[in-house]
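*Asks:*
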Amino acid sequence: MSLIARYLEANGIPTVMIANGRDIVEQCGVARLVFVDFPLGNPCGEPGNLDQQRQIFEMALGLLETATEPRTTLEAPFVWPKGDDWKRLIFSEEQRFLDEEATEHWLDAKARYKERKAEGKV
Amino acid sequence: MSYVRYIDKTRDYYLKEGYDKPYAWAHFDDVPFTPLTKPLSECRVTIASTSDIAIRGDGSTGDHTEEMFVGNAYVIPSDTPLEKLHSRQEHFDKHATHLDDVDSFFPISRLREAEASGRIGSIAKRLHGVHTSYSQRHTLEIDGPLVLERCREDGADVAVLTPI
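Residue numbers (this note's numbering), protein chains in the order written: chain V, 321 to 442; chain F, 457 to 620.
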């Protein structure tokens, strides 16, 4: 997604990203980022929390207006309501990231990508 | 508690899983920046997302597995009813949350509210989905130009981007 942000910016379209993975976005580098410190999946706010989603969306619109240089990051002032355990558990030995079915899909995709690459098609 | 360092965590996680070649995350020293040059109330806004957003019952998308690794930029008409949208994304923190509320990762209702209140000028007729490719070159040379071309065709001035 950061690559798309960079491409649009380089071609004259201002962008603002709303994301949960701060380090990944900042490693690549984008023009404007609203960082929301929630589990991967809900960058735009808690499911069902309309008031919070509106505030986050408005932060993004506001950042479009106020940012004067690239790599401008704003952090949304919200904490995940069910505590911080998810931060310890994500990608840990005690909690696998993908379940069996999703792992199978992922390995299938990887294997097919290798095949296509060997054929020179990707 | 400080934010999660996914680059470090995934490197360690996949090493322990037996994958010894860590993913090379994109990194650039320079970052392009285009300032907003007119009021948002006069801007046409679009959304682009890697949330694997899809239209229910829409048979038009291709081989999903293939799209996931080859990469693919596709469009969602912005007048699609919210209840017809869903995500097929499997790579999110399903232990901590869910993707049942589309607006929590693809803020189409918030965009409509912003248009209704006059905070933005209008919504572009097409919103964008991008399947993240294993190949960063594919994203930069094929998907990026496609999204840009469609933004220009639709007169989109600004893009809100939401990754999962």
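Backbone N, C-alpha and C fix where the C-beta goes; we use that ideal spot for every residue, glycine too.
All values reported here derive from a predicted model rather than from experimental measurement.
Touching or not, the region 536-544 of chain F and the region 589-597 of chain F, by the rule of three or more beta carbon pairs under 8 Å?
*Replies:* Counting Cβ pairs under 8 Å, fewer than three are found: no touch.
*Asks:* Do I338(V) and C364(V) count as a contact pair if the criterion is CB distance below 8 Å?
*Replies:* In contact: C364(V) and I338(V) (Cβ atoms closer than 8 Å).
*Asks:* Interface residues of chain F around L384(V) at Cβ under 8 Å?
*Replies:* Going along chain F in sequence order, the residues near L384(V) (Cβ under 8 Å) are L492, L496 and V614.
*Asks:* Name the DSSP beta bridge partners of I410(V), please?
*Replies:* Partner(s): none; I410(V) has no beta bridge.
*Asks:* Does any C-beta atom of chain V lie closer than 8 Å to the C-beta of R500(F)?
*Replies:* Cβ-Cβ to chain V under 8 Å: no for R500(F).
*Asks:* So with CB distances below 9 Å, who are the chain F contacts of P334(V)?
*Replies:* Correct list: F489, T490, P491, L492, T493, C499, D613, V614 and A615.
*Asks:* Go ahead and label V399(V) buried or exposed: buried means 16 or more other beta carbons lie within 10 angstroms of its beta carbon, across all protein chains shown.
*Replies:* The residue is exposed, with fewer than 16 neighbouring Cβ atoms inside 10 Å.
*Asks:* So what's M379(V) in DSSP terms, helix, strand or just coil?
*Replies:* The answer is helix: DSSP assigns M379(V) an H, G or I state.
*Asks:* From the DSSP output, in three-state form, read off G585(F) for me.
*Replies:* In this structure, G585(F) counts as strand in the three-state DSSP scheme.
*Asks:* Please state the DSSP three-state secondary structure of H425(V).
*Replies:* Of the three classes helix, strand and coil, the one that applies to H425(V) here is helix, per DSSP.
*Asks:* Would you identify the three-state DSSP class for E389(V), choosing helix, strand or coil?
*Replies:* Three-state DSSP puts E389(V) in coil, outside helix and strand.
*Asks:* Is it true that the region 489-500 of chain F meets the region 592-603 of chain F, where meeting means three or more beta-carbon pairs spaced less than 8 Å apart?
*Replies:* No, because fewer than three Cβ pairs between the region 489-500 of chain F and the region 592-603 of chain F fall closer than 8 Å, the two stretches do not touch.
*Asks:* What whole-angstrom Cβ distance do T367(V) and S560(F) have, given they're in contact under 8 Å?
*Replies:* Correcting the residue type first, residue 367(V) is Pro in the shown sequence and not Thr. With a Cβ gap of about 5 Å, P367(V) and S560(F) count as contacting.
*Asks:* Let me confirm a value: E389(V) is counted as buried when at least 16 other C-beta atoms fall within 10 Å, else exposed. Which label applies?
*Replies:* Exposed, because fewer than 16 other Cβ atoms sit within 10 Å of the Cβ of E389(V).
*Asks:* With 16 other CB atoms within 10 Å as the buried threshold, where does P401(V) fall?
*Replies:* Result: exposed.
*Asks:* Pull up the DSSP beta-bridge partners for E395(V), would you.
*Replies:* Answer is F355(V).
*Asks:* Is S543(F) helix, strand or coil when you go by DSSP?
*Replies:* Correct three-state label for S543(F): strand.
*Asks:* Given this structure, state the Cα-to-Cα distance separating H425(V) from T521(F), to the nearest angstrom.
*Replies:* Approximately 7 Å between the Cα atoms of the pair.
*Asks:* Between C607(F) and I333(V), is the Cβ-Cβ spacing less than 8 Å?
*Replies:* Result yes, Cβ atoms of C607(F) and I333(V) sit closer than 8 Å.
*Asks:* So for Y530(F), helix, strand or coil by DSSP?
*Replies:* Of the three classes helix, strand and coil, the one that applies to Y530(F) here is strand, per DSSP.
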